[in-house]
Amino acid sequence: MGRNIVLTGFMAAGKSAVGRRVAERLGWGFVDLDAEIERAAGRSIPEIFSGEGEEGFRRWEAEALARVLGEDRRVIATGGGVLLRKENQRLLQEHLVINLRVSADEAVARAAASSTPRPLLGGPDPLGRARELLARRAGLYDAVAIQVETEGRSLPEVVEEVWQRVRQEMGP
Numbered sequence: 000m001g002r003n004i005v006l007t008g009f010m011a012a013g014k015s016a017v018g019r020r021v022a023e024r025l026g027w028g029f030v031d032l033d034a035e036i037e038r039a040a041g042r043s044i045p046e047i048f049s050g051e052g053e054e055g056f057r058r059w060e061a062e063a064l065a066r067v068l069g070e071d072r073r074v075i076a077t078g079g080g081v082l083l084r085k086e087n088q089r090l091l092q093e094h095l096v097i098n099l100r101v102s103a104d105e106a107v108a109r110a111a112a113s114s115t116p117r118p119l120l121g122g123p124d125p126l127g128r129a130r131e132l133l134a135r136r137a138g139l140y141d142a143v144a145i146q147v148e149t150e151g152r153s154l155p156e157v158v159e160e161v162w163q164r165v166r167q168e169m170g171p
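For the sequence shown, position 46 matches number 45 in numbering that gives the first Met the number 0, and the numbering has no gaps at all.
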């Protein structure tokens, strides 16, 4: 197994909520990559998007990912687009990566119920935008070896499946 556990997946898949609980079970540190980006940039994610666009945000994201992967025994919740950059994909090869699956419809419903801003869903048609983004990223998400479905499942159910998958990879 890799030195860290990294949760990927589309926005609102539950990466942060699941990651915190898995880290607690392991006694490992937890890192929310978006929070790490905000700390390093001294600005919120929406402010970074507003000032630097998506490409600027992706640069901050790549730097933060490289930094947090430099330490071991962490559960890291990434942003939904972390797999878009080849450099990030290469960095993740040394770690246990688990993709949390969610549909665009469910992601938009969860995002609407959350206080977390979703800059990429701004505009008149958040569902259409989510479907477009998910379709564009589907191949990247599908390439992750370990897949965990979150749709229609409670947080404890998803945490338990991720925990079981981690234990399979880590051994007894």
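The beta-carbon is built from N, C-alpha and C at its ideal position, and this holds for glycine as well.
Owing to the predicted nature of the structure, the values given are computational and were not obtained by experimental measurement.
Could you please give the first and the last residue of the uninterrupted alpha helix (DSSP H) stretch that includes residue i?
| i | result |
| --- | --- |
| Ala110 | Ala103 to Ala112 |
| Asn98 | Premise fails: Asn98 lies in the beta strand (DSSP E), Leu95 to Arg100, not in any alpha helix (DSSP H). |
| Gln163 | Leu154 to Met169 |
| Glu35 | Leu32 to Ala40 |
For residue i, which three-state DSSP category applies?
| i | result |
| --- | --- |
| Gly18 | helix |
| Gly121 | coil |
| Ala76 | strand |
| Gln88 | helix |
| Glu51 | helix |
| Met0 | With a pLDDT of only 46 at Met0, under 50, the local geometry of the prediction cannot be trusted, and no value is derived from it. |
| Gly13 | coil |
| Gly151 | coil |
| Gly127 | helix |
When you compare only the Cα positions, how much space is there between residue i and residue j?
| i | j | result |
| --- | --- | --- |
| Pro123 | Gly13 | 24 Å |
| Arg166 | Arg24 | 11 Å |
| Val158 | Ala34 | 21 Å |
| Val74 | Gln146 | 16 Å |
| Trp162 | Phe29 | 14 Å |
| Pro31 | Glu93 | Correcting the residue identity first, residue 31 is Asp in this sequence and not Pro. Cα-Cα distance, rounded: 19 Å. |
| Ala65 | Glu105 | 30 Å |
| Asp141 | Arg89 | 16 Å |
| Ser113 | Gly26 | 27 Å |
| Ala175 | Leu6 | Given that the chain is displayed from residue 0 to residue 171, the structure contains no residue 175 and the question cannot be resolved. |
| Glu131 | Ala108 | 16 Å |
Starting from residue i, trace the beta strand (DSSP E) both ways and give me its first and last residue.
| i | result |
| --- | --- |
| Leu6 | Ile4 to Gly8 |
| Val147 | Ile145 to Glu148 |
Could you confirm whether any beta carbon from chain C is found closer than 8 Å to the beta carbon of residue i?
| i | result |
| --- | --- |
| Ala112 | The structure shown contains no chain C; it holds only a single protein chain. |
I believe residue i touches residue j by the beta-carbon criterion, under 8 Å. Please report the beta-carbon distance rounded to the nearest angstrom.
| i | j | result |
| --- | --- | --- |
| Met10 | Gly52 | Their Cβ separation, rounded to whole angstroms, is 17 Å, which puts Met10 and Gly52 out of contact at 8 Å. |
| Val67 | Val143 | Contact flag wrong, Cβ pair sits at about 18 Å. |
Query raised in the report: Are there three or more Cβ pairs, one per stretch, closer than 8 Å when the segment 145-153 is compared with the segment 88-102?
Result: With a cut-off of 8 Å on Cβ pairs, the segment 145-153 is in contact with the segment 88-102, counting three or more such pairs.
Requested in this report: Would you check if the segment 59-68 and the segment 81-98 touch, i.e. whether three or more CB-CB distances between them fall below 8 Å?
Outcome: Yes: the two stretches touch, three or more of their Cβ pairs being nearer than 8 Å.
Requested in this report: Would you be able to state if there are at least three C-beta pairs under 8 Å between the segment 102-121 and the segment 33-47?
Outcome: yes
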